[in-house]
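Read top to bottom, the protein sequences are chains A and B. Quick note on the working numbering: the first sequence kicks off at 1 and runs consecutively. Quick note on the working numbering: the second sequence kicks off at 1001 and runs consecutively. Single-structure report; data block below.
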Amino acid sequence: MAIRRSKATQIVVLVSTLLGIGVAGMLLVLEGFVPWATANIDLETPLYPYNYTYIFTINAFLGRGTYLVSINPRTQIEACISCDEQAVQIKALGGETKTATLYCDSGNLNIFVKAYVEPYTTSAGDLTVVRKWR
Amino acid sequence: MKGLFIRDVWLQHSSIALAIAIVLLPIILAINEDVVPNRYSVWGMSTNMSVGVVVGATPTSVGEFVCNAMGANRLNINMTMFLRGYGWFLNHLSILYFMLSGMIVAIAVARPLEMKYFFIELTFAGSRVKLLLSRLASVTLLLLVSAASSALALSAILYTAIIPGGLYTALGLSLLISIGSALLSIPIATLLSLSSKNTTLSIFGLLGFVALCLVVSQKFDVAKALISIENIVEEPGTIFVVAPVQFILFTIDVIEAGRVGY
Chain A
1 MAIRRSKATQ
11 IVVLVSTLLG
21 IGVAGMLLVL
31 EGFVPWATAN
41 IDLETPLYPY
51 NYTYIFTINA
61 FLGRGTYLVS
71 INPRTQIEAC
81 ISCDEQAVQI
91 KALGGETKTA
101 TLYCDSGNLN
111 IFVKAYVEPY
121 TTSAGDLTVV
131 RKWR
Chain B
1001 MKGLFIRDVW
1011 LQHSSIALAI
1021 AIVLLPIILA
1031 INEDVVPNRY
1041 SVWGMSTNMS
1051 VGVVVGATPT
1061 SVGEFVCNAM
1071 GANRLNINMT
1081 MFLRGYGWFL
1091 NHLSILYFML
1101 SGMIVAIAVA
1111 RPLEMKYFFI
1121 ELTFAGSRVK
1131 LLLSRLASVT
1141 LLLLVSAASS
1151 ALALSAILYT
1161 AIIPGGLYTA
1171 LGLSLLISIG
1181 SALLSIPIAT
1191 LLSLSSKNTT
1201 LSIFGLLGFV
1211 ALCLVVSQKF
1221 DVAKALISIE
1231 NIVEEPGTIF
1241 VVAPVQFILF
1251 TIDVIEAGRV
1261 GY
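The structure is reproduced here in structure tokens:
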């Protein structure tokens, strides 16, 4: 059975619904809960029968905000994440996930990765870039 | 005025649907027109030598490297360049705000009185002009609330799209666009509604007014100042936003008319 509300209550419910949708949309975009705020990057390498070093340059442009870069390497990896006037360096061994946080005002994030690749593998790991608000 | 006068306008199903459409409009249009930056590129190179060619990492003598902040050039964007880049999105947004707000006004205004009896009613003591003014006031309140909540989502989109200045500048520009377009539609939609017989005709009149502005703006720049539309014909995406809203609106209007007995 439907509950009968007064007109004033219905108007209060309507106004708070409109404001709630607006605030929810704002947080949805700002906090990175939308698919375009995430970049899943697979670090693919060519198949060689010997140890070698492979370098990647990744340019991510996901908008203004705080970037969370998490690297899950297969082997030893060194990464340098830079934006505007700041840079963060990551060193990780195979199998461990490391995360760097960097506020990026201009939205133009550069990631430099140096990976030591084992023979007969076609991947150096994977990397996830997420943009958040703060 | 007895009781709560805004209940006539605010609690119609079509008004509620249109207000929610106004609030959801920036996000739907941003998804449709791909406004928020979401691009990345990966470039790889096999090497056994030092990494001296790569900007962003300086090699050392022991085979490692030291991070530096030269990898990403700082982008200096001023407001003129920002508006040159995203002006088309803001144009489409303002024209859609204008049309949706005008539909709410047309629904609210078309029913109480007609243009044919307007000047006769002005001379009578017990006229319905008071009703018209109260409805216009309540429509203005509803449009202010929905445009302000819509500006919240729009400011988040402009913030991530790197507007110069930050979130407060984005909020100011969003409020200017949404409330400005909504308030601009009130007098035009009122005049169109007073001179038409029913809601559907006045909404078609609104669309015709927009099309007229489009045609005139091909020749003169004055119409662009009234409603800034430039590429609505070349961008079919906006039609796909407008058409479902129109369909839902007409459906609700028919249901309401059948139930209440207009």
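We put the CB at the ideal spot given by N, CA and C, even for glycine.
Query, Result
"Tyr1097 of chain B - DSSP class collapsed to helix/strand/coil", "helix"
"Simplified DSSP state of Pro1187 of chain B, which is helix, strand or coil", "helix"
"Short CB-CB distance (under 9 angstroms) between Val69 of chain A and chain B", "no"
"Status (buried if at least 16 other CB within 10 Å, exposed otherwise) for Lys91 of chain A", "exposed"
"Short CB-CB distance (under 9 angstroms) between Leu93 of chain A and chain B", "no"
"From B:Leu1025, B:Met1079, B:His1013, B:Phe1098, residue whose alpha carbon lies closest to that of Val1210 of chain B", "B:Phe1098"
"Minimum Cβ-Cβ distance from Asn72 of chain A to chain B less than 9 angstroms", "no"
"Ser123 of chain A at chain B interface by Cβ criterion, 9 angstroms", "no"
"Cβ of Arg1039 of chain B within 9 angstroms of any chain A Cβ", "yes"
"Nearest-angstrom Cβ-Cβ length linking Ile111 of chain A and Ala79 of chain A, presumed shorter than 8 angstroms", "6 angstroms"
"Cβ distance (whole Å) where Val113 of chain A is taken to contact Leu43 of chain A below 8 angstroms", "7 angstroms"
"Start-end ranges of the beta strand (DSSP E) lying completely within the segment 1142 to 1204 of chain B, minimum 3 residues", "none"
"The alpha helix (DSSP H) enclosing Ser1014 of chain B, as first and last residue numbers", "1013 to 1033"
"Near-chain A residues of the segment 1077 to 1100 of chain B - C-beta to any C-beta below 9 angstroms", "Ile1077"
"Cα-Cα separation between Ser1014 of chain B and Thr1140 of chain B, rounded to whole angstroms", "16 angstroms"
"Which of helix, strand or coil DSSP assigns to Glu1234 of chain B", "A caution first: Glu1234 of chain B carries a pLDDT of 43, below 50, which makes its placement in the model unreliable, though a value can still be read off. Three-state DSSP puts Glu1234 of chain B in coil, outside helix and strand."
"For Ile55 of chain A, three-class secondary structure by DSSP", "strand"
"Coil, strand or helix - Arg5 of chain A by DSSP", "coil"
"The beta strand (DSSP E) enclosing Ser1267 of chain B, as first and last residue numbers", "As shown, chain B starts at 1001 and ends at 1262. That puts residue 1267 of chain B outside it, with no answer to give."
"Any C-beta of chain A under 9 angstroms from that of Thr1200 of chain B", "no"
"Ser106 of chain A, DSSP secondary structure in three states", "coil"
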